[in-house]
Amino acid sequence: MIVEPVTTRDYEARNDTDRAHPQLKQIKIQEPSEMLLYEELSRARIRELEHEFEVQRPWRRARAVRRWSRVARWAAGRADRYRDAS
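Listed below in structure tokens is the structure:
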């Protein structure tokens, strides 16, 4: 059995859905913008929650700074060792 992939464009061309349902074009245009609006709202809420979380716990940022400074010192030492070895 041979199966050919059918794209949305092929399916719509075969079934001619635009002529059968002319109001679908309006829905297709409005729906993504509404979805994007809700997505942007949810991202804004997530950012607000993360900001509130950081304000309540300032030691987390200090801990991250210490951790990254340790990593930076380790990386600098490793680079120095490789530079000296070559």
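In our numbering, the protein residues as written are -5 to 80.
We put the CB at the ideal spot given by N, CA and C, even for glycine.
Check: Rounded separation between Val49 and Arg37 - CA only; Outcome: 18 Å
Check: Endpoints, alpha helix (DSSP H) assigned at Arg3; Outcome: 2 to 9
Check: Nearest-angstrom Cα separation, counted from Glu(-2) out to Arg8; Outcome: 14 Å
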